[in-house]
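See below for the structure under consideration.
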Amino acid sequence: MKQSLQLKLGQQLTMTPQLQQAIRLLQLSSMELEMEIQQVLDSNMMLELDEDEAQTFDYTAEAPNLPGTDDSAGYEGEAAEAGGESVEDYVAPSTTDDIPEELPVDSDWDEVFDNTLSASGPGSSGEEGSGEFENIHGSAGSLRDHLLWQLNLLPISELDRLIATAIIDALGDHGYLEISVEEILEVVRSGGIEVDEEEIEAMLKQVQALDPAGVAARDLRECLLLQLRELDADTPWLPEAQKLCEFHLNALGNREFNQVMRKMKLGQDELREVMTLIQSLNPRPGSRFSEKPPEYLVPDVFVRKVRGRWKVELNPDSVPHVRVNPYYASMIRRADNSATNNSLRTHLQEAKWFIKSLQSRSETLLKVAAAIVERQRAFLDLGEEAMKPLVLHDIAEVLEMHESTISRVTSRKYMHTPRGVFELKYFFSSHVSTSMGGEASSTAIRAVIKKLVAAEAPDKPLSDSKLAEILGDQGINVARRTVAKYREAMQIPPSNERKRLG
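Encoded structure:
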């Protein structure tokens, strides 16, 4: 075997630690970014919060007339009708060039590093009130604790208390009894206590008398009847409501109104009054005890219309304000090769990389948000029905970025608009071809379906086939199965469950 040396040239993409850090920061949500910054502040002596909050980054931009947005020209007529105006060209601000690659030492830090990002989001500075939203809501406690508290106030024997506790332990999250009386009897007897079924039934009625009304019911019928029994005897239509729940609840659930009116000898207006009383009841009496605490969203981007132009700006509270500590930076000596000085140099370089990554994240987020606003101006002016089809590739092509970068930027980032707060991914949707040769966004189609369902006749709801036919008349070619998929995604029940009294 003959050995030889060969020289080969090749290209290979290597992700440096700095690039990995920038990509990781790009995909973090606002809350995760705050946690990441706090960890870096704890580990890097060179970084500190900028208490002065010097504004060095341009957080505001007008939605650009970006090249490649084919619908811009066609939208001008719609915008004119809605009172909108065209927007000016936009060049995203760049601040990363202001940070020199090699920072001089043995000099005043403020002279060379006066352009810093600032940030102190909610809870990041540790000031009082930083967690006020999390502390506002009071805990309602569990349903079990609420019932046991009432049970302890009753003058009952220890045996009855034991049986009642077994019943309470068998309740589900919605307050229904999830096992039978026979199974409760077996549970109590397994503890060596001899009881009969009548005692279990008696204590079940005792638990059903506790608050909330309707708790410990075995089915919906019993739950509604328990709540009706708690009402005053002179409540209008109370006897009719009790009779309907007792004997005709299934027919009512199947929207068989004519059959119910015939069997109960009620007119349409009278049945409507009875149904109004029943609908005022709570079919899930234990639900208020199992509610999760509300989750608060902090928008990353604000969109406002100023003088006819849509302006995009970053939320100052979600943009981190950090800077290099000038005192520690002044301790670095150029000619000193000691371990302490080298450690300071390392921390300084890492601090510089981190601040650059934060600036890059803000710039990219602002660029992407501005491009989305430019493409979806019709939505902002006219509503969901004017939403344009948009995919990640469209924004990536306009901004000359990779689709994966756009995906990271739009993930768990939120935009505050005059129409509400939306995740950036909300503005991306697939398209359906129209009879005119154009395209319709799936979001716009869902909005049309929702509008048609809201305007349908109560006693003759539109079927999926009819909805598809109406959309076809409007030039939107969709199949019945597609309409059903969109309807289910919006949690709209089928036509037979939407039928109401006229």
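Residue numbers for the sequence shown follow my numbering, so the first one is 194 and each next one is one higher. We put the beta carbon where it would ideally sit given N, CA and C, even for glycine. Treat the numbers as computed from the prediction; the structure is a model and nothing was measured.
Tell me which same chain residues have a C-beta within less than 8 Å of the C-beta of residue i, skipping the five on either side of it?
i	result
lysine 398	none
leucine 413	Leu442 and Pro476
glycine 331	With a pLDDT of only 45 at glycine 331, under the threshold of 50, the placement of this residue in the model should not be trusted; the figure read from the coordinates follows. Nothing meets the Cβ criterion.
lysine 644	Glu578
proline 611	Val496, Arg497, Lys498 and Leu573
alanine 215	Lys549, Ser550, Ser553 and Arg554
threonine 557	Leu219, Met594, Thr598 and Val602
alanine 640	Gly576, Glu577, Glu578 and Met580
Taking all protein chains shown into account, do 16 or more other C-beta atoms lie within 10 angstroms of the C-beta of residue i, making it buried, or fewer, making it exposed?
i	result
asparagine 447	exposed
glutamine 552	buried
leucine 347	exposed
valine 505	buried
aspartate 338	exposed
leucine 198	exposed
glutamine 401	buried
serine 688	buried
methionine 228	exposed
alanine 539	For clarity, residue 539 is threonine in the given sequence; the question names alanine instead. Exposed.
glutamine 204	exposed
serine 634	buried
histidine 595	exposed
asparagine 530	exposed
arginine 693	exposed
asparagine 451	exposed
isoleucine 386	exposed
glutamine 569	buried
valine 625	buried
valine 381	buried
glutamate 351	exposed
aspartate 587	buried
glutamate 433	buried
valine 566	buried
methionine 683	exposed
valine 614	exposed
alanine 650	exposed
I'd like to confirm the pairing. Which residues does DSSP put opposite residue i in its beta bridges?
i	result
methionine 608	Val494 and Phe615
alanine 410	Tyr369
leucine 583	Ser622
glutamate 351	The partner list for glutamate 351 (beta bridge, DSSP) is empty, contrary to what the question assumes.
glutamate 241	Arg516
leucine 364	Leu370
Between which residues of its own chain and residue i is the CB-CB distance below 7 Å, once the five residues before and five after are set aside?
i	result
lysine 456	His441
serine 223	Gly314, Val491, Asp493 and Ser511
leucine 696	With the chain running from 194 to 695 in the structure shown, residue 696 is simply not present.
methionine 396	Asp353, Ile356, Ala357 and Ile360
alanine 363	Leu370, Glu371, Ile372 and Ile377
threonine 636	Glu577, Met580 and Ser622
serine 335	Phe482
lysine 436	Met457
leucine 221	Glu229
valine 154	Residue numbering for the chain in the displayed model covers 194 to 695; residue 154 lies beyond these limits and cannot be assessed.
asparagine 534	Ile525 and Arg526
Kindly list the residues whose CB is nearer than 6 Å to the CB of residue i, restricted to its own chain and excluding five residues on each side of it in sequence; keep chain order.
i	result
arginine 691	Pro654
glutamate 616	Tyr607
arginine 554	Leu218 and Leu219
leucine 474	Leu417 and Gln420
valine 298	In this predicted model, valine 298 has a pLDDT of only 41, less than 50, meaning its place in the structure is not dependable enough to derive any value.
proline 478	Gly368, Pro405, Gly407 and Val408
glutamine 211	Trp546
alanine 444	Gln452 and Val453
Quick one: is the Cβ of residue i within less than 8 Å of any heavy atom of the ligand NAP?
i	result
arginine 502	Among the ligands in the structure shown, none appear at all, so the ligand NAP cannot be discussed.
* Asked: In chain order, which continuous runs of the beta strand (DSSP E) of length 3 or greater are located wholly inside the region 493-570?
  -> Counting only runs of 3+ residues, the beta strand (DSSP E) found wholly inside the region 493-570 occupies 494-499, 502-507 and 515-517, in chain order.
* Asked: If you pair each beta-carbon of the region 335-343 with each one of the region 381-392, do three or more pairs fall below 8 Å?
  -> Under the Cβ criterion (8 Å, minimum of three pairs), the region 335-343 does not count as touching the region 381-392.
* To do: Count the C-beta pairs between the region 676-695 and the region 653-661 that are closer than 8 Å, then say yes if the count reaches three, no if not.
  => A contact exists between the region 676-695 and the region 653-661.
* **Sequence ranges, beta strand (DSSP E) only - wholly within the region 616-682, length at least 3** => Fully enclosed beta strand (DSSP E) runs of 3 or longer: 624-626 and 632-634.
* Asked: Quick check: the region 615-623 against the region 582-598, are there 3 or more CB pairs under 8 Å?
  -> Contact holds: three or more Cβ-Cβ distances are below 8 Å.
* **alpha helix (DSSP H) runs contained entirely in the region 437-478, provided each spans 4 or more residues** => 442-446, 450-457 and 461-472, all fully within the region 437-478.
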